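Presented below is the structure to which this report refers.
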Amino acid sequence: MKHFTIKIIPIISFMFLISYMSGQNFKEVNSISVENNQCSAINISPDNQYIICGFKDGDIIAYRTMTGKKIYEVKRHNNDIHSISFNKKGNYFVSAGQDKAAVVWSVASGKQLKTYIGGDAVWTAEFTPNGKYLATAGTDQLISVWELVSGKRYRSLWGHSDRVYDLKISSDGKYIISVSGDYSLKKWDISKQLRVNSVKAHANVVTSVAISPGNKFIVTASKDNTIKIWDFDTFDNIALLRGHQWWINKVDISPDSKYIASASDDNTVIIWDILTHDIIKTIQFNGAVLDLAFSRDG
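Mapping of the sequence shown onto the working numbering: residues 639 to 936, in sequence order.
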């Protein structure tokens with residue numbers, strides 16, 4: 639039966655690799671011990687060969703996806719790692735840390751390539767699709783866009799009044815979508831350095847955001863225990879999804895734009911149908927689920 643997505647879910651001191659099968663069946667294909675340390679951020683490389691996990695003590699470990707074999711362990715951060723993201727080609731990844739640093743690494747070797755320092759803790763970092771820029775944001779409320787090669791700041795986007803928890807970049811590279819502790823969802827035009835849209839998205843901190851591959855939908859998650867689906871262009875609220883009993887830490891959208899996956903402090907991952915808004919599957923774990931990711935091959 640054909641695999642069409644892979645989800646990577648870190649919980650407390652274990653990491654689970656779960657494969658979603660056609661026919662809406664779930665099968666755990668691997669589980670990797672992460673040495674009794676909490677994995678706080680995770681992602682899977684575009685070619686599905688690597689899992690990169692960032693830890694609360696600042697360690698970063700790369701694993702082989704299907705075998706779980708540790709490839710290398712590196713350290714530059716001295717505190718929590720809040721996010722891990724890959725560039726489109728999959729040869730670099732960036733780690734965002736509590737220590738005010740966003741660090742770009744070689745995926746293959748684990749070599750540290752460049753460090754970008756923010757004004758405070760960096761909660762999120764993303765490469766633009768063309769690979770020329772890196773966007774970072776965090777506790778200082780500023781979204782910074784950096785020239786990847788020179789390390790110079792290219793754009794500064796001010797407008798949030800609390801910590802920026804997450805951001806994503808549209809597939810055409812024109813827009814940044816950001817969410818914050820100020821309860822808002824915002825869209826920014828990168829080249830014009832201009833805020834295009836802004837809305838109070840939730841009744842509590844907005845922790846995570848995802849953009850569908852075709853830039854049709856935006857999905858947000860919040861500490862108000864809900865998920866919302868938005869029209870990318872108009873910011874109209876399309877749907878409100880209820881199912882989690884506690885804070886939602888992360889949302890992601892499948893590459894075919896059919897499904898949403900959400901991770902929560904209620905010890906569950908929920909898979910949703912993005913069009914009908916129905917719950918397809920609830921997966922129970924033994925601890926809070928901090929992060930998850932769909933593979934990009936669908």
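Glycine included, each C-beta is placed from N, C-alpha and C at the ideal position. Since we're looking at a predicted model, the values are computed, not measured.
Secondary structure within the segment 873 to 924: the beta strand (DSSP E) runs of 3 or more consecutive residues, fully enclosed, are 875 to 880, 886 to 891, 897 to 902, 906 to 911, 917 to 922 (chain order). For the segment 795 to 847, there is no continuous alpha helix (DSSP H) assignment of 4+ residues that stays within its boundaries. Excluding five sequence positions before and after residue 803, the CB atoms of its chain that fall closer than 8 Å to its own CB belong to 761, 762, 817, 818, 819, 843, 844, 845, 846, given in chain order. Classified as buried, residue 722 has 16 or more neighbouring CB atoms from the shown chains inside 10 Å of its CB. For residue 772, the closest C-alpha among the options 752, 779, 908, 933 is that of 752. Comparing C-alpha distances from residue 834 to each of 850, 813, 840, 848 shows the shortest one belongs to 813. Cα atoms of residue 679 and residue 692: separation of roughly 5 Å, rounded to the nearest angstrom. Around the C-beta of residue 823, 16 or more other C-beta atoms lie within 10 Å, and the residue is accordingly described as buried. Taking 8 Å as the cut-off, the Cβ atoms of residue 755 and residue 733 do not count as close. Straight-line spacing of the CA atoms in residue 810 and residue 828 works out to 11 Å. Residue pairing by DSSP places residue 850 opposite no residue, since no beta bridge is assigned to it. Contact between residue 867 and residue 859 is absent: CB atoms are separated by about 11 Å, not below the 8 Å threshold. Under DSSP, residue 869 shares a beta bridge with 855.
In terms of Cβ geometry, residue 895 and residue 850 form a close pair [threshold 8 Å]. Around residue 888, the same chain offers 846, 901, 929, 930 as residues with beta carbons nearer than 6 Å, after the five sequence neighbours per side are excluded.
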